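Visitor: If you're matching positions, the sequence shown starts at 3 in my numbering and goes up one per residue.
For every residue, glycine included, the Cβ atom is placed at its ideal position computed from N, Cα and C.
Bear in mind the structure is a predicted one, so any value in this text is a computation, not a measurement.
I have a structure I would like to understand better, so I am pasting it below and will then ask my questions one at a time.
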Amino acid sequence: MTWRTVFSNGGKADEMMRTIAIAGVGEMGVALARRMIAQGQHVVTFPPRSAASVERARQAGIEIVAEDEIGGADFFFSVVPSEAAAPLAERVASICRSHARKPVYCEWNAISPGKLQCIADRLAAAGMTLIDGGIIGLANWSVDTPGPTLYASGPAAGLLAEVGDLGLQITVMDAGLGAASALKLSYAAITKGLIAIATMAAIAAQRKQCDESLTAELARSQSGLLDSFSKSVPNMLPKAQRWTSEMAEISDYLGADSQAGMIYAAIAKVFGQIATSVDTRDFLACAYRVRPEGQCCANALRG
């Protein structure tokens, strides 16, 4: 593969400006784009669907280009909700199929290895190269902090190491396609699974009027857990709908018909219920706050 020859950092041949196309100008996509732009990279996207997304892209310094121009990028970063990953790959494959030069497709979404393989097949049919990826960490917009870690696997993953500094923390795994996706889902099964357990326990305790006692006991015997839940449970609330599809991917990864898979299918339903219930979200926003004795959460669940 031939790269553009715009040099930086003392003229090293692997330190060039790249054009990175990105789809998904939500919180994580914009955070990654800001970091790459701060490092001198050229980041583009095709026209977002909403006016809010257009404004987000412009404020981040992302150039909005015609859909057909995506084929001229060096890399294509897919950073979308799990359920949108396969349709996006099909769309990009269709755009790039007739191009002589095609971007390397980086699939960063929380998807099962099985879905990744389907995407790999679609892209291969269009003559495109795929890198399997998984993002672990928060979408921190500040370029002064390390930011999330991007794990990459598959035969082409080394291309990300060869291109120099994109302004991202990228770890290239010595493993095949599916490894980075599996790592992401295994990690999410632990971290988001714990948040789901805390959520279900809080709801059940409130309904039996022992939620204050639960919080007090956690403060006494498990202060680290309480401190974590007091932040992670409220932070989950605006993401509950997205986490629904991510839990479904974990279920597929573990085996939908296995006991482990069925646990995460049930957790997907829990997050789905949270996403659609204002009362539940209001209660969970304060469920793990330590309150003075006798003071209840103002947003107690009814019924």
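1. Quick one: what does DSSP say C120 is sitting in, helix, strand or coil?
2. Name the two residues that bound the continuous alpha helix (DSSP H) containing I276.
3. Could you spell out the range, first to last residue, of the alpha helix (DSSP H) harbouring D254?
4. Tell me whether the stretch 217 to 236 and the stretch 256 to 264 touch, counting them as touching only if at least three CB pairs, one residue from each stretch, are closer than 8 Å.
5. Which same chain residues end up closer than 8 Å to I66 when comparing Cβ atoms and leaving out the 5 residues on each side of it in sequence?
6. Taking its Cβ as the centre, do 16 or more other Cβ atoms sit within 10 Å of G13, making it buried, or is it exposed?
7. Thinking C-alpha only, which one of A287, C108, A127, E69 is nearest V174?
8. Quick one: what does DSSP say D146 is sitting in, helix, strand or coil?
9. Please classify R103 as buried or exposed, where buried requires at least 16 other C-beta atoms within 10 Å of its C-beta.
10. What is the DSSP secondary structure of L286, reduced to helix, strand or coil?
11. When burial is assigned at 16 or more other CB atoms within 10 Å of the CB, is Q243 buried or exposed?
12. Please state the DSSP three-state secondary structure of D16.
13. From what residue to what residue does the alpha helix (DSSP H) around C98 run?
14. To the nearest angstrom, how far is the alpha carbon of I72 from that of S279?
15. Are S84 and D134 closer than 8 Å when you measure CB to CB?
16. According to DSSP, what are the bridge partners of G135?
17. Can you confirm whether the stretch 89 to 97 touches the stretch 33 to 43 when touching is taken to mean that 3 or more C-beta pairs between the two stretches lie within less than 8 Å?
18. In this structure, how does DSSP classify S80 when only helix, strand and coil are distinguished?
19. Between the C-alpha atoms of P115 and N142, what's the straight-line distance to the nearest angstrom?
20. Give a yes or no on whether the C-beta atoms belonging to A95 and A128 are separated by under 8 Å.
21. So I64 packs on I97, CB below 8 Å; how close in whole Å?
22. Tell me whether N111 is buried or exposed, calling it buried when 16 or more other Cβ atoms sit within 10 Å of its Cβ.
Guide: On the basis of the supplied data:
1. In the three-state scheme derived from DSSP, where H, G and I count as helix and E and B as strand, C120 is classed as helix.
2. That run of the alpha helix (DSSP H) goes 261 to 278.
3. If you look at D254, you'll find it in the alpha helix (DSSP H) that goes 242 to 256.
4. Contact between the stretch 217 to 236 and the stretch 256 to 264 is absent, with fewer than three C-beta pairs closer than 8 Å.
5. The answer, listed in chain order, is V46, T47, F48, P49, P50, V56, A59, R60.
6. Residue placement at G13 is flagged as unreliable, the pLDDT there being 35, under the threshold of 50; a coordinate-derived value is accordingly withheld.
7. Taking each of A287, C108, A127, E69 in turn and checking the Cα distance to V174, the smallest one comes out for C108.
8. Of the three classes helix, strand and coil, the one that applies to D146 here is coil, per DSSP.
9. Exposed is the label assigned to R103, since fewer than 16 other Cβ atoms lie within 10 Å of its Cβ.
10. The answer is helix: DSSP assigns L286 an H, G or I state.
11. Result: exposed.
12. Since pLDDT at D16 reaches only 48, below the 50 mark, its modelled position is unreliable, and the value read off the structure follows with that caveat. Collapsing the DSSP output to three states places D16 in coil.
13. Its alpha helix (DSSP H) spans residues 87 to 98.
14. Approximately 39 Å, taken between the alpha carbons.
15. With contacts defined as CB atoms closer than 8 Å, S84 and D134 fail to qualify as a contacting pair.
16. Note: G135 sits in a beta bridge opposite A154.
17. Segments in contact, no.
18. Note: S80 maps to strand in three-state DSSP.
19. For P115 and N142, the distance between alpha carbons rounds to 27 Å.
20. Closer than 8 Å, so yes.
21. About 18 Å separates the two Cβ atoms, so there is no contact after all.
22. Looking at its Cβ environment, which holds 16 or more other Cβ atoms inside 10 Å, N111 is buried.
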